[in-house]
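Asks: I have a structure here, written as structure tokens, and I will follow up with some questions on it.
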Amino acid sequence: MTVPDSILLNLPVELLEMIFQHLQRSPSSLYSLTLTCSKFQVLTTPLLYTSICLTNPINCEQLARTLEQSSWLSSLVLDFQEHFHDAQIDQIYYPLIDAITEMQNLESLTLRSVPSKINRTLLVFLMQNKDNAEIEPPSRYVGQGLRSLYLGAYKSTSWSDGWDLSQNEIVFYMEQLEKLHIQGAIIDSLRPGSFGKLFPPKKTALKDLALVSCQIEPSTFGQILAFPTGLTHITMRGGWSQPSGAFEREGFRSEYIAAIQRSDSSDVEYLDFDMMDTENKPAFDRLYCLKQLTIPIETYAYHERNPCDEFGASDLDECLPASLETLILNEFDRKGTFFDSIGERVEAGELPNLRTVIYRRFYGEGQKESTEGWEDGIETLRELGVEFSIVSHHGPTTMPENDNWPCGCWVYAY
Numbered sequence: 001m002t003v004p005d006s007i008l009l010n011l012p013v014e015l016l017e018m019i020f021q022h023l024q025r026s027p028s029s030l031y032s033l034t035l036t037c038s039k040f041q042v043l044t045t046p047l048l049y050t051s052i053c054l055t056n057p058i059n060c061e062q063l064a065r066t067l068e069q070s071s072w073l074s075s076l077v078l079d080f081q082e083h084f085h086d087a088q089i090d091q092i093y094y095p096l097i098d099a100i101t102e103m104q105n106l107e108s109l110t111l112r113s114v115p116s117k118i119n120r121t122l123l124v125f126l127m128q129n130k131d132n133a134e135i136e137p138p139s140r141y142v143g144q145g146l147r148s149l150y151l152g153a154y155k156s157t158s159w160s161d162g163w164d165l166s167q168n169e170i171v172f173y174m175e176q177l178e179k180l181h182i183q184g185a186i187i188d189s190l191r192p193g194s195f196g197k198l199f200p201p202k203k204t205a206l207k208d209l210a211l212v213s214c215q216i217e218p219s220t221f222g223q224i225l226a227f228p229t230g231l232t233h234i235t236m237r238g239g240w241s242q243p244s245g246a247f248e249r250e251g252f253r254s255e256y257i258a259a260i261q262r263s264d265s266s267d268v269e270y271l272d273f274d275m276m277d278t279e280n281k282p283a284f285d286r287l288y289c290l291k292q293l294t295i296p297i298e299t300y301a302y303h304e305r306n307p308c309d310e311f312g313a314s315d316l317d318e319c320l321p322a323s324l325e326t327l328i329l330n331e332f333d334r335k336g337t338f339f340d341s342i343g344e345r346v347e348a349g350e351l352p353n354l355r356t357v358i359y360r361r362f363y364g365e366g367q368k369e370s371t372e373g374w375e376d377g378i379e380t381l382r383e384l385g386v387e388f389s390i391v392s393h394h395g396p397t398t399m400p401e402n403d404n405w406p407c408g409c410w411v412y413a414y
């Protein structure tokens, strides 16, 4: 029987590797090879290309060639992730663009590398037709089906080494995008008018926004919030994490909360906010739909332990909205705190929906657990039906966004 050459020649390299590994397990003939190839192609190709994670520059170039030669495969890709380091990302920059621009049905895109400065208009290229110098209408550009976009950057010593969103601000205008997580970026200002008629900014479907280790002013943050209409999750974390989980840079001021309150996103339900400004009361109580609040324990610094502070724990309790169901406190410095005032508000009916308080304590290498401040007010909360739990994290910890990274480049020593 004649073996159709096209069956072998047209198969993706990745699939051929799987086939030959399978055939090595038992004796085979040329005929069985043909049948195996045909069955593997039908059964495994859709699964093989539905989700792709690239960490090797050679694989990136192979993928670009495969998608160019067999364009039908590009329509199968729904989830694409890449993770390269400095020298690698510039080496495969153009093959990477060629590969992604073929994926017209892409729903989730994760870029965990920052190109060199001359190539940091990457996102603008991805929103274009690769043969056209101008941004295409929404019905034709690569990102038309994107629902989730993650821009990451491993730790650097300078903000200039991160993403420059001033060149890639188009991500804030993508109407269909529902999840946008950005890590390690400079966001100076937005210029929606600069896109003109090519890509006029409209209201977006964004539901989940995370800005981690980003340099951004309150006014620019307010600009970003002008576009989503149904934003329910907001995460704003400070600088790069240390092995203990603490941050090297300060967090955000109360002006950012005011920006949320003034925008269409004031009905946010989940807020993870590194607020380090304890001199002004945050307007959490004006976020009337807030269900879960995560803040550093420093924000909840008990005023009796710091009598010179103008803003203390009892003041923060007054700023918690009645809609709040879960309060999560992150503690890195083992200072401890009291919870009497929260219990008083629950007992007075001012926090009728509060059901859970989680106290998360982070310990670096060599640090021992301490029970200081854990007991005060806890029994009162439990008697009132509020579940109180203490969670301890030991040793070097990466940020939650990086738990699934292919390498440990986020974990580093002091």
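Just so we're aligned: the sequence shown equals residues 1 to 414 in full-length UniProt numbering. The beta carbon of each residue, even a glycine, is placed where N, CA and C say it ideally should be.
Residues bridged to Ala259 by DSSP?
Replies: Partner(s): none; Ala259 has no beta bridge.
Asks: Per the DSSP calculation, Val391 is bridged to which residue(s)?
Replies: Val391 is bridged to Arg360.
Asks: Buried or exposed for Cys214, please, with buried defined as at least 16 other CB atoms from any protein chain shown within 10 angstroms of its CB.
Replies: Answer is buried; the Cβ neighbour count reaches 16.
Asks: Taking the CB atoms as reference points, tell me whether Arg361 and Ser341 lie closer together than 8 Å.
Replies: No, the pair does not count as a contact, with Cβ atoms beyond the cut-off.
Asks: Name the residue from Asn330, Gly349 and Glu325 whose alpha carbon lies nearest to the alpha carbon of Glu387.
Replies: Residue Glu325 is the option with its Cα nearest to Glu387.
Asks: Going by DSSP, what residue range makes up the alpha helix (DSSP H) through Ile378?
Replies: Where Ile378 is concerned, the enclosing alpha helix (DSSP H) stretches over Ile378 to Glu383.
Asks: State buried or exposed for Ala259, treating a residue as buried only when at least 16 other CB atoms are found within 10 Å of its CB.
Replies: Buried.
Asks: Mapping DSSP to helix, strand and coil, what is Thr101?
Replies: Reduced to three states, the DSSP call for Thr101 is coil.
Asks: Kindly give me the distance between the Cβ atoms of Tyr359 and Leu329, rounded to whole angstroms, as I take these residues to be in contact under 8 Å.
Replies: About 5 Å; that satisfies the 8 Å criterion.
Asks: Counting only the same chain and skipping the five closest in sequence on each side, list residues whose C-beta sits under 7 Å from that of Glu255.
Replies: These residues qualify, in order along the chain: Pro218.
Asks: Roughly how many angstroms lie between the CA atoms of Arg355 and Arg237, to the nearest whole one?
Replies: C-alpha separation (whole angstroms): 25 Å.
Asks: Can Phe84 and Ser113 be called in contact, C-beta distance under 8 Å?
Replies: Yes. Within cutoff.
Asks: Measure the CB-CB distance between Glu175 and Lys202 and report whether it falls below 8 Å.
Replies: Yes. Within cutoff.
Asks: Judging by CA-CA distance, which residue of Phe227, Ala210 and Trp72 is the nearest neighbour of Leu151?
Replies: The shortest C-alpha separation from Leu151 is found at Ala210.
Asks: Short check: CB of Leu206 to CB of Leu165, under 8 Å?
Replies: Going by C-beta atoms, Leu206 is not nearer than 8 Å to Leu165.
Asks: Does Ile297 come out as helix, strand or coil in the three-state DSSP assignment?
Replies: In this structure, Ile297 counts as coil in the three-state DSSP scheme.
Asks: Compare the beta carbon distance of Ser323 and Lys291 with 8 Å and say whether it is the shorter of the two.
Replies: Yes, they are a contact pair.
Asks: Going by other Cβ atoms of all chains shown within 10 Å of its Cβ, with 16 needed for buried, is Thr50 buried or exposed?
Replies: So Thr50 counts as exposed.
Asks: Do you know offhand how far Glu178's Cα is from Asp98's?
Replies: Spanning the two alpha carbons is a distance of roughly 25 Å.
Asks: With DSSP as the reference, identify every bridge partner of Glu82, one or two as the case may be.
Replies: Answer by DSSP bridge pairing, in chain order: Leu54 and Leu111.
Asks: Considering Phe273, what are the terminal residues of the beta strand (DSSP E) in which it resides?
Replies: Per DSSP, Phe273 belongs to the beta strand (DSSP E) from Tyr270 to Phe273.
Asks: According to DSSP, which residues form a beta bridge with Asp208?
Replies: According to DSSP, Asp208 bridges with Lys179 and His233.
Asks: So what's Glu318 in DSSP terms, helix, strand or just coil?
Replies: Note: Glu318 maps to helix in three-state DSSP.
Asks: Thinking C-alpha only, which one of Thr110, Ile182, Leu180 and Asn105 is nearest Gln144?
Replies: When each option's Cα is compared against that of Gln144, the closest is Asn105.
Asks: Would Tyr270 pass as a contact of His233 if the rule is Cβ separation under 8 Å?
Replies: Taking 8 Å as the Cβ cut-off, Tyr270 and His233 qualify as a contacting pair.
Asks: Determine whether the beta carbon atoms of Ser265 and Pro296 lie at a separation below 8 Å.
Replies: No, the pair does not count as a contact, with Cβ atoms beyond the cut-off.
Asks: To the nearest angstrom, how far is it from the Cα of Arg191 to the Cα of Arg147?
Replies: Straight-line Cα distance between these residues: approximately 23 Å.
Asks: May I have the straight-line CA-CA distance separating Ile52 from Ala185, to the nearest angstrom?
Replies: Looking at the two C-alpha atoms, the distance is approximately 25 Å.
Asks: Would the beta-carbon of Thr235 fall within 8 Å of that of Val212?
Replies: In contact: Thr235 and Val212 (Cβ atoms closer than 8 Å).
Asks: For Ala64, which residues from the same chain have a beta carbon less than 7 Å from its beta carbon, with the 5 sequence-adjacent residues on both sides left out?
Replies: Pro95, Asp98 and Ala99.
Asks: Assuming Ile186 is part of the beta strand (DSSP E), what are its boundary residues?
Replies: Counting along the chain, the beta strand (DSSP E) containing Ile186 begins and ends at Ala185 to Ile187.
Asks: Would you tell me roughly how many angstroms separate the C-alpha atoms of Glu379 and Ala348, rounded to the nearest one?
Replies: C-alpha separation (whole angstroms): 16 Å.
Asks: Quick check on DSSP: helix, strand or coil for Phe252?
Replies: Reduced to three states, the DSSP call for Phe252 is strand.
Asks: In whole angstroms, what is the alpha-carbon distance linking Met276 and Thr110?
Replies: So the alpha carbons of these two residues sit roughly 30 Å apart.
Asks: Between the C-alpha atoms of Glu17 and Gln91, what's the straight-line distance to the nearest angstrom?
Replies: Their backbone Cα atoms lie some 25 Å apart in a straight line.
Asks: Can you tell me whether DSSP reads Ala348 as helix, strand or coil?
Replies: If DSSP states are grouped into helix, strand and coil, Ala348 belongs with coil.
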